[in-house]
Every structure is written in C-alpha cells, then in structure tokens.
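Colleague: Please read through the structure below; I'll follow up with questions.
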Amino acid sequence: MAMKCQKCDKQATFHITELTGGKPQELHLCEDHAREYLTSSGAEPTNTSSMAAALAQQVAQQMAVGQTAEELAELDQQSCPVCGITFYQFRSQGRLGCPHDYVCFQPQLEPLILNIHGESEHKGKSPRRAAGSAKRTQLIRLRREMKEAIEEEDYERASQLRDQIRETEKEEL
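The opening position of the sequence shown corresponds to residue 658 in this note's numbering, with each subsequent residue numbered one higher.
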C-alpha cells in the first residue's frame with residue numbers, strides 16, 4: 658500500500674523522521690514537497706544540529722540530481738538472493754534480513770552508513786560466536802525456500818527442506 662504525500666495526493670516517495678522535543682515526527686512527502694521542505698529555511702527548527710542540516714542538504718542535492726519515482730520503484734524490487742528481503746522492505750522496516758544484504762544493497766547503503774557512522778568499515782570488536790554465521794545464513798535461505806515451496810504447494814520439496822533445516826539446526830548445537 659503506497660502512502661500519499663501529506664500535502665497533496667501524489668505518492669509519498671520521501672519519508673522523513675524528525676526528533677522534535679524528544680518525540681519522533683514522521684513526514685511523508687512527494688518529491689516536490691520534500692524538496693520544498695528540505696530547502697526552505699523556515700521548515701527546520703532552530704535547535705537542529707548542523708549534522709542534520711547537512712544531511713537534509715545532501716538529501717536535497719540527491720533529489721536534484723534525480724532519482725525519479727520509476728528508478729526508486731525499480732530499486733525497491735531489488736532483492737537479496739539469500740534471504741529474499743527487498744530494498745522496499747528495508748526502507749520501510751529499517752532492518753536488513755541477513756549479512757549478505759550489505760553486499761547486495763552496497764551502492765544504496767554505503768552513503769547511508771557513511772552519514773550515520775562516519776566510516777564504512779568496522780573498526781571495533783567482533784562477536785566470538787561469529788564463526789557460525791555461515792550456518793545461520795544457510796538456515797535463513799532454507800527457511801525462505803521452504804516458505805516459497807509451501808506457497809507453491811510443492812509439499813514434497815517443503816518436507817525435504819524442513820529435514821535439511823532440522824539437520825542444520827542439530828549441527829549448530
């Protein structure tokens with residue numbers, strides 16, 4: 658279900674969340690109203706940090722360079738081959754499905770990660786249990802395939818996948 662712009666009847670392609678008084682306020686705007694909102698000086702509260710202003714400026718510049726609605730719709734259909742999450746699901750939920758999504762959506766995620774963290778490479782500690790991530794990734798893929806097999810009513814394939822999932826889970830313990 659597509660959201661409509663809060664100022665007109667066009668499809669909202671930009672979803673902006675602002676923290677005002679410690680409470681998040683969501684704005685759903687079409688490209689034209691988002692550009693107007695981000696470039697107008699009166700739209701931003703005076704206590705907005707310079708980082709937020711710089712981010713708003715960068716978003717406005719990206720819009721000016723131009724990701725059209727068609728390009729965004731095409732990008733939203735792109736999905737991870739391992740977990741099956743689409744870029745639209747990521748944009749709406751704010752969560753990725755598996756570690757492979759960072760590779761799959763790298764061109765779109767890199768500027769976002771740079772803006773948030775200031776770095777695009779991990780510089781801290783890594784969890785000790787990270788060695789089992791390949792098995793977890795395999796489990797995610799197997800569960801997605803089983804779900805698809807059930808939807809296609811291929812119950813024989815679904816039962817084979819269920820058995821593979823059980824075996825993989827036993828190995829993980």
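Idealized CB from N, CA, C, for every residue including glycine.
Computed from a predicted model, the values in this text were never measured in an experiment.
With DSSP as the reference, please indicate the residues paired to H672 in a beta bridge.
Modeller: Partner(s): H685.
Colleague: Excluding sequence positions up to five away, which residues of its chain have a Cβ less than 6 Å from the Cβ of Y745?
Modeller: D733.
Colleague: Classify L818: buried if its beta carbon has 16 or more other beta carbons within 10 angstroms, exposed otherwise.
Modeller: The residue is buried, with at least 16 neighbouring Cβ atoms inside 10 Å.
Colleague: Look up K827 in the DSSP assignment and say whether it is helix, strand or coil.
Modeller: Reduced to three states, the DSSP call for K827 is helix.
Colleague: Is the beta carbon of C665 less than 9 Å from the beta carbon of H690?
Modeller: In this structure, H690 lies closer than 9 Å to C665 by Cβ.
Colleague: Quick one: residues in its chain with C-beta nearer than 7 Å to the C-beta of C687, no 5 flanking neighbours on either side, listed in chain order?
Modeller: Taken in chain order, the residues that qualify are C662, C665, K667, Q668, A669 and T670.
Colleague: Does the stretch 787-807 come into contact with the stretch 766-779, if we say contact requires no fewer than three beta-carbon pairs (one atom in each stretch) closer than 8 Å?
Modeller: No, the stretch 787-807 does not touch the stretch 766-779.
Colleague: So if DSSP puts T696 in a beta bridge, which residue, or which two residues, is it bridged to?
Modeller: None; T696 has no bridge partner.
Colleague: Would you decide whether L758 is buried or exposed? Buried here means 16 or more other CB atoms lie within 10 Å of its CB.
Modeller: Strictly speaking, residue 758 in this sequence is Asp, with Leu absent from that position. By the 10 Å Cβ count, D758 comes out buried.
Colleague: Which whole-angstrom value is the C-beta distance of P738 and S790, which I expect to be below 8 Å?
Modeller: Contact flag wrong, Cβ pair sits at about 17 Å.
Colleague: When you compare each of G775, T674, T794 and R814 to R748 by their alpha carbons, which one comes out closest?
Modeller: Nearest of G775, T674, T794 and R814 to R748, Cα basis: T674.
Colleague: Is G741 near G754, with beta carbons less than 9 Å apart?
Modeller: Cβ distance < 9 Å, so G741 and G754 count as in contact.
Colleague: According to DSSP, which residues form a beta bridge with S736?
Modeller: Answer is T743, bridged to S736.
Colleague: Along the chain, where does the alpha helix (DSSP H) that runs through M803 open and close?
Modeller: First-last of the alpha helix (DSSP H) with M803: S790 to E808.
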